[in-house]
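Asker: Take this structure first; my questions come after.
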Amino acid sequence: MGYRSIMVGTDGSETATRAVRAATTLAKSFMGAQVQIVCAHGAGGVDEEVAKEVLRYAREAVRAQGLETRTHMRAGDPDSVITELAERQGADLIVVGNVGMGKARRFKLGGIAEQVAHGAPCDVLIVHTTEGDERTEPYRRVVIGTDGSATATEAARKGFELAEVTDATVTLVYVGDPLIGAIVLEQTAADRPGSATVNSRVEDGDPAERIVEIAGKDAADLVVVGNKGFAGARRYLLGSIPVKVAHESPTDVLVAKTVGRSIDDLAPGHGGLVDVGGRKLAVYKAEDGSVVALSPRCQHMGCTVDWNDADQTWDCPCHGSRYARDGEVIKGPAKKNLDREELVEPSVG
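Going by the working numbering, 422 is the number at position 338 of the sequence shown; the sequence numbering is gapless.
Right, dumping it as structure tokens:
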């Protein structure tokens, strides 16, 4: 995972300021992460002069924590401004509060937080700000919901890697048939990168309700779900698990983007994690269009590497190993190069 560029929206309100603090706290867990602060003005945002002052204050607060930061002020609705800038700036994570910004109303179906989660090109962290919560410490208790599907497994992987970085304990939850659940939980826990402590639970009932209930009882500070169900009209159905969890969770919710990019989405001279025939690969596309495909699993303890565009390297977020574009080890603790993967074109006809 390795968040390198974290984008956070603010309008200067106390709840939005808490979201900025949460983004700052998370960025400090990832060495070298940059915080990009966005304030929309006009339309659904604040006045232009207010936006300038809001960004100045937020920038000073983030830099006081020793972090690199950039600010962006754009005219338009907050959700559109944030998602478009995240795409353009290559953000790895968007952070928003669960209360509306600017003239928008409180977080609701179709509200800013949900609109951002629906249209985001990356993961989205929805910060729980309505109860006066304020995140000043890394996440320590993480709840991850899974049903064993490929998208849920991808979300679980991201949750495990975040837990590894912040030294958190994970509660892995399956809701449904006990026999199937036991198999799914065992396999998911066994495939986790790193060595995060995992407690597994099989429940029955409504999946979203059970996940939310467990998060409350365990005093969790983060719930991780995949973004499947935020697309199209399905996002307005309460039966969509990520939507329901995002609305009802008593704590922060990480909506992990589980539908990845393709090789065609990579610009020449850049790398990224992409889906190739159902496989997640680390791919670098050269200026001439040629590509290098690698296994994204770090050779140290199996965490997933991510592309560092600034240094043109593959970096492991868990223990700091670094690889060159072709997968060769630059620094440890990993001692072996990333495995090369063959790209097989799908057959036609």
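Even glycine gets a Cβ: it sits at the ideal position worked out from N, Cα and C.
Measuring only the C-alpha atoms, how far is ARG276 from SER324?
Answerer: Translated into positions along the sequence shown, residue 276 becomes position 192. Translated into positions along the sequence shown, residue 324 becomes position 240. So the two alpha carbons sit approximately 25 Å from each other.
Asker: Let's test the definition: count the other Cβ atoms within 10 Å of the Cβ of THR94 and tell me whether it reaches 16, buried, or not, exposed.
Answerer: By one-based count along the sequence shown, residue 94 stands at place 10. Buried.
Asker: By Cβ distance below 7 Å, which residues in the same chain neighbour VAL432 in space, the five residues on each side in sequence not counted?
Answerer: Taking the first residue of the sequence shown as 1, we reach residue 432 at position 348. Since pLDDT at VAL432 reaches only 39, below the 50 mark, its modelled position is unreliable, and the value read off the structure follows with that caveat. Here the set comprises nothing.
Asker: Alpha carbon to alpha carbon, how far is GLN120 from GLU426?
Answerer: Here residue 120 refers to the residue found at position 36 when the sequence shown is read from its first residue. Here residue 426 refers to the residue found at position 342 when the sequence shown is read from its first residue. About 36 Å.
Asker: So, for THR101: in the same chain, excluding its five sequence neighbours on each side, which residues have a beta-carbon less than 7 Å away from its beta-carbon?
Answerer: One-based indexing of the sequence shown puts residue 101 at position 17. Hits under 7 Å: THR94.
Asker: Over the uninterrupted alpha helix (DSSP H) stretch that includes SER164, give me the two end residues.
Answerer: Here residue 164 corresponds to residue number 80 of the sequence shown, with the count starting at 1. SER164 -> alpha helix (DSSP H) spans 162–173.
Asker: Take the Cβ of GLU137 as the centre, count every other Cβ of all protein chains shown within 10 Å, and call the residue buried at 16 or more, exposed below.
Answerer: What you label residue 137 is simply residue 53 of the sequence shown in a count that begins at 1. Flag for GLU137 reads exposed.
Asker: For ARG140, which of helix, strand or coil comes out of DSSP?
Answerer: Locating residue 140 in the sequence shown gives position 56, counting from the first residue. Helix.
Asker: Please identify the residue among GLY411, HIS384 and GLN383 whose C-alpha is closest to the C-alpha of ASN84.
Answerer: As displayed, the chain neither begins before 85 nor continues past 433, which places residue 84 out of reach and without an answer.
Asker: According to the neighbour-count rule (16 or more other Cβ atoms, all chains shown, within 10 Å of its Cβ), is GLU245 buried or exposed?
Answerer: One-based indexing of the sequence shown puts residue 245 at position 161. It is buried - the Cβ of GLU245 has at least 16 other Cβ atoms within 10 Å.
Asker: Where does HIS331 fall in DSSP's three states?
Answerer: Working through the sequence shown from its first residue, we reach residue 331 at position 247. Helix at HIS331.
Asker: Taking the beta carbon of MET91 as the centre, do at least 16 other beta carbons fall within 10 Å, making it buried, or is it exposed?
Answerer: Within the sequence shown, numbered from 1, the residue matching residue 91 stands at position 7. By the neighbour-count rule (16 or more Cβ atoms within 10 Å), MET91 is buried.
Asker: Say whether the region 219–232 touches the region 365–377, bearing in mind that this needs 3 or more beta-carbon pairs closer than 8 Å, one atom from each stretch.
Answerer: No, the region 219–232 is not in contact with the region 365–377.
Asker: What ranges does the beta strand (DSSP E) occupy inside the region 358–428, keeping only unbroken runs of at least 3 residues that lie completely in it?
Answerer: Counting only runs of 3 or more, we get 363–369, 375–378, 390–392, 397–399 and 413–415.
Asker: If you scan the region 214–277 from start to end, which runs of the alpha helix (DSSP H) of 4 or more residues do you find wholly inside it?
Answerer: Segments of the alpha helix (DSSP H) lying fully in the region 214–277: 234–250 and 262–274.
Asker: For MET91, which residues does DSSP report across the bridge?
Answerer: Walking along the sequence shown from the start, residue 91 turns up at place 7. MET91 is bridged to GLN120 and ILE178.
Asker: Please report the distance separating the alpha-carbon of LYS420 from that of ARG381.
Answerer: Position 336 of the sequence shown holds residue 420. Position 297 of the sequence shown holds residue 381. Each residue's alpha carbon lies about 11 Å from the other.
Asker: Between which residues of its own chain and VAL249 is the CB-CB distance below 7 Å, once the five residues before and five after are set aside?
Answerer: One-based indexing of the sequence shown puts residue 249 at position 165. Around VAL249: SER113, PHE114, PRO401 and CYS402.
Asker: Is the closest heavy atom of the ligand SAH to the C-beta of VAL134 under 7 Å?
Answerer: Ligands are entirely absent from the displayed structure, and the ligand SAH is therefore not among its contents.
Asker: Distance, Cα to Cα, ILE178 vs ALA204?
Answerer: Locating residue 178 in the sequence shown gives position 94, where the first residue counts as 1. Locating residue 204 in the sequence shown gives position 120, where the first residue counts as 1. Distance between the alpha carbons of ILE178 and ALA204: 8 Å.
Asker: In whole angstroms, what separates the C-alpha of ALA103 from that of SER97?
Answerer: The count along the sequence shown starts at 1 and reaches residue 103 at position 19. The count along the sequence shown starts at 1 and reaches residue 97 at position 13. Cα-Cα distance, rounded: 10 Å.
Asker: Which residue comes first and which comes last in the beta strand (DSSP E) that contains SER284?
Answerer: Taking the first residue of the sequence shown as position 1, residue 284 is located at position 200. Looking at the DSSP string, the run of the beta strand (DSSP E) that includes SER284 is 282–287.
Asker: Measure the CB-CB distance between ASP305 and THR335 and report whether it falls below 8 Å.
Answerer: As a working note, residue 305 is residue 221 in the sequence shown. As a working note, residue 335 is residue 251 in the sequence shown. Cβ atoms of ASP305 and THR335: closer than 8 Å.
Asker: Out of VAL165, SER405, SER284 and ALA274, which one is the CA nearest neighbour of GLY265?
Answerer: Walking along the sequence shown from the start, residue 265 turns up at place 181. GLY265 has its Cα closest to that of SER284, out of VAL165, SER405, SER284 and ALA274.
Asker: My assumption, with CB atoms under 8 Å, is that LEU338 sits in contact with ASP207. Please give the rounded CB distance.
Answerer: Numbered from its first residue, the sequence shown carries residue 338 at position 254. Numbered from its first residue, the sequence shown carries residue 207 at position 123. That pair is a contact at about 6 Å.
Asker: Give the straight-line distance between the Cα atoms of GLY289 and LEU110, rounded to the nearest whole angstrom.
Answerer: Indexing the sequence shown from 1 puts residue 289 at position 205. Indexing the sequence shown from 1 puts residue 110 at position 26. About 33 Å.
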